[in-house]
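Below is one structure, written out as structure tokens; the observations come after it.
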Amino acid sequence: MRIHLTSVFVDDQAKALAFYTEVLGFVKKNEIDLGGAFWLTVVSPEDPDGTELLLEPSDHPAVGPYRDALVSDGIPLASFAVDDVHAEHKRLAGAGVVFTQKPMEAGPVTTAVFDDTCGNLIQIASQD
Amino acid sequence: MSPLESLVREDSVQVSRGWLFVAPQTRTNGVAIRGIVGSPAQPTGSVPCGESDGVVEEEDGCPVSGSVKRTSPTLVLQLADDPKRASMVSRQLTVLVDETSAVSGEETAVAHGVEITERIHPVPHTHLSLPALLPTRRLRTERSGSWWATRLPQICSCIFEPQCHRLRHACGQSSVSDADLTCKLRLAYCQLVTDIFQAITAPARRAILDELVARDGQTLFELCARLTAFHEMSLSRQAISQHIDVLEEAGLLRSKRQGRYKFHYVDTAPLQALFARWPNRS
Chain A
8 MRIHLTSVFV
18 DDQAKALAFY
28 TEVLGFVKKN
38 EIDLGGAFWL
48 TVVSPEDPDG
58 TELLLEPSDH
68 PAVGPYRDAL
78 VSDGIPLASF
88 AVDDVHAEHK
98 RLAGAGVVFT
108 QKPMEAGPVT
118 TAVFDDTCGN
128 LIQIASQD
Chain V
5 MSPLESLVRE
15 DSVQVSRGWL
25 FVAPQTRTNG
35 VAIRGIVGSP
45 AQPTGSVPCG
55 ESDGVVEEED
65 GCPVSGSVKR
75 TSPTLVLQLA
85 DDPKRASMVS
95 RQLTVLVDET
105 SAVSGEETAV
115 AHGVEITERI
125 HPVPHTHLSL
135 PALLPTRRLR
145 TERSGSWWAT
155 RLPQICSCIF
165 EPQCHRLRHA
175 CGQSSVSDAD
185 LTCKLRLAYC
195 QLVTDIFQAI
205 TAPARRAILD
215 ELVARDGQTL
225 FELCARLTAF
235 HEMSLSRQAI
245 SQHIDVLEEA
255 GLLRSKRQGR
265 YKFHYVDTAP
275 LQALFARWPN
285 RS
């Protein structure tokens with residue numbers, strides 16, 4: 008068993024696609040029209056056949072309170088691996104991305120948390 | 005020099021805004037205290053007892069109460085005639101200037117020609133002082149300054165049943181009965197106060213302060229990560245959240261909501277009261 012797909016809820020799929028591809032650098036894998044919404048996934052260009060991230064519509068009534076509570080406490084909904092958190096922080100902050108946690112080194116792991124502009128906090132992590 | 009520092013060093017203090025309270029223990033020194041208490045924000049009706057110009061009074065069981073000088077744009081507190089005794093008393097005074105009550109009237113204050121030079125933070129005293137007991141940080145964050153100002157007379161006249169539930173909730177003590185809260189102030193509130201020593205008793209709370217000193221303005225998530233990573237404390241998020249509440253009630257930490265996020269900031273101002281109480285004698 009392995010993880011082939013995971014998801015984040017997004018306020019607006021078109022806006023989310025733009026952020027996840029143009030700002031974060033993922034590439035679109037699937038965009039299937041489901042009548043109003045899309046089955047919309049992105050993958051890392053470093054691993055095009057790897058785990059897909061589903062950008063799922065957030066219109067279910069439970070999503071709002073759930074995400075608000077997490078965001079309020081600064082809890083990220085997903086974690087992505089990067090080579091260098093400090094460099095990514097610099098790059099993304101330069102692109103206007105808001106960080107709720109600047110890079111923090113804890114032993115071999117460095118993490119940071121940012122707002123994906125679609126309603127979620129996302130963690131990036133690198134390991135020495 | 006902050007108003008508090010000047011109070012400790014001198015016989016009088018003048019602050020440009022906010023409320024000024026005097027702790028109950030000053031009464032037991034047997035030293036007459038006179039002075040004028042006023043507020044630029046709400047010049048009438050919101051000082052504990054009395055609304056006329058004049059002398060600060062004492063009441064049994066109550067803190068030294070203030071009277072309002074309607075025309076005064078400043079708060080002035082003067083101590084007793086005898087400078088020696090006044091000096092002695094001033095070191096034991098607990099004074100709290102609550103900035104929140106003035107914030108709502110800041111424009112009024114400016115219109116009165118008051119120059120606002122600094123924001124003054126409450127300095128809870130380690131004794132049973134009214135300021136340390138009543139305005140917990142959480143109450144302030146939930147309610148506006150005017151709420152606090154308008155309720156103050158009721159609270160200070162020892163009739164505060166309407167506040168019971170709120171206070172109890174704010175202090176996280178569901179076991180306190182209403183009967184506990186309807187007696188004199190010092191009796192009622194001493195059970196509710198989170199004093200500064202209690203606040204820093206727990207290693208976890210000291211660790212939280214350490215981490216906020218290292219980097220101010222953290223989310224709960226980051227604080228949890230830091231306690232685990234740097235202090236080897238495997239506490240639940242709920243436990244850490246409760247520790248944060250205790251620190252906040254003691255005035256050592258403040259949380260600020262910024263859009264959808266909530267950040268925590270350290271406030272070391274209450275610790276300065278310790279230095280004022282036990283000055284360096286080495």
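Which chain is which? The protein sequence lines are A and V, in order.
Following our numbering, the numbering of the first sequence begins with 8 at its first residue and continues without gaps.
Following our numbering, the numbering of the second sequence begins with 5 at its first residue and continues without gaps.
Built from N, CA and C at the ideal position, the CB exists for glycine as well.
For aspartate 40 of chain A, the enclosing beta strand (DSSP E) covers residues 34 to 40. Going by DSSP, glutamine 242 of chain V is part of the alpha helix (DSSP H) stretching over 241 to 253. The beta carbon of glutamine 108 of chain A falls within 8 Å of a beta carbon belonging to chain V, placing the residue at that interface. Counted as a single uninterrupted DSSP element, the alpha helix (DSSP H) harbouring threonine 232 of chain V occupies residues 224 to 235.
A check of alpha carbon separations from valine 104 of chain A across A:Leu31, A:Asp19, A:Gln20 identifies A:Leu31 as the nearest. In this structure, the CA atom of phenylalanine 106 of chain A is about 34 Å from the CA atom of glycine 42 of chain A. Contact note: aspartate 135 of chain A does not reach chain V at a C-beta cutoff of 9 Å; the least C-beta distance is about 14 Å. For the pair isoleucine 39 of chain A and aspartate 19 of chain A, the Cα-to-Cα distance works out to about 15 Å.
The residue from A:Val89, A:Ser79, A:Glu53, A:Phe121 with its alpha-carbon nearest to that of glycine 101 of chain A is A:Phe121. Counting along the chain, histidine 11 of chain A sits inside no beta strand (DSSP E), nor does DSSP assign it H or E at all.
At a cut-off of 8 Å between beta-carbon atoms, valine 49 of chain A makes no contact with chain V.
Valine 120 of chain A sits in a strand when the DSSP states are folded into three classes. A Cβ-Cβ separation of about 5 Å places proline 110 of chain A in contact with histidine 96 of chain A under the 8 Å criterion. In this structure proline 283 of chain V is exposed. Its beta-carbon is surrounded by fewer than 16 other beta-carbon atoms within 10 angstroms. Counting only residues of its own chain and dropping the five nearest sequence neighbours on each side, glutamine 222 of chain V has a CB closer than 6 Å to the CB of His268. For tyrosine 269 of chain V, there are no neighbours in chain A by C-beta distance under 9 Å, as the nearest C-beta there is about 14 Å away.
Per DSSP, the continuous beta strand (DSSP E) segment holding arginine 258 of chain V begins and ends at 257 to 262.
At least one C-beta of chain V is nearer than 8 Å to the C-beta of isoleucine 82 of chain A. In this structure, leucine 12 of chain A places its C-beta atom within 8 Å of the C-beta atom of glutamate 59 of chain A. Between the beta-carbon of glycine 57 of chain A and that of valine 49 of chain A there is about 11 Å, and that puts the pair past the 8 Å contact cut.
For alanine 76 of chain A, same chain residues with a beta-carbon under 8 Å away, outside a window of 5 residues either side, do not exist. Contact of glutamate 226 of chain V with chain A by beta-carbon distance below 7 Å involves Gly81, Gln108, Met111.
Note: tyrosine 269 of chain V is bridge-paired with V:Arg258 in the DSSP secondary-structure output. Look at alanine 229 of chain V: its C-beta is under 8 Å from a C-beta on chain A. Contact between the stretch 213 to 228 of chain V and the stretch 270 to 284 of chain V is present, with at least three C-beta pairs closer than 8 Å. At a cut-off of 8 Å between beta carbons, lysine 266 of chain V contacts chain A. No Cβ-Cβ contact shorter than 8 Å links alanine 88 of chain A with alanine 119 of chain A. Excluding the 5 residues flanking it on each side, isoleucine 10 of chain A has same chain C-beta neighbours closer than 8 Å at Thr58, in chain order. At least 8 Å separates the CB of threonine 205 of chain V from every CB of chain A.
Looking at the DSSP output, threonine 48 of chain A shares a beta bridge with A:Asn37, A:Leu61. Nearest neighbour of isoleucine 244 of chain V by Cα position, chosen from A:Val34, A:Val17, A:Asp80, turns out to be A:Asp80. Contact annotation for alanine 243 of chain V against chain A: no contact, minimum CB-CB distance about 14 Å [criterion: below 8 Å]. If you draw a 10 Å sphere on the C-beta of alanine 211 of chain V, you find 16 or more other C-beta atoms in it, and that means buried. Within the stretch 56 to 80 of chain A, contact with chain V at the beta-carbon level (separation under 7 Å) is assigned to Asp75, Val78, Ser79, Asp80.
In this structure, glutamine 134 of chain A lies near valine 116 of chain A, with their beta-carbon atoms less than 8 Å apart. Straight across, the Cα-Cα distance linking threonine 124 of chain A with alanine 280 of chain V is about 47 Å.
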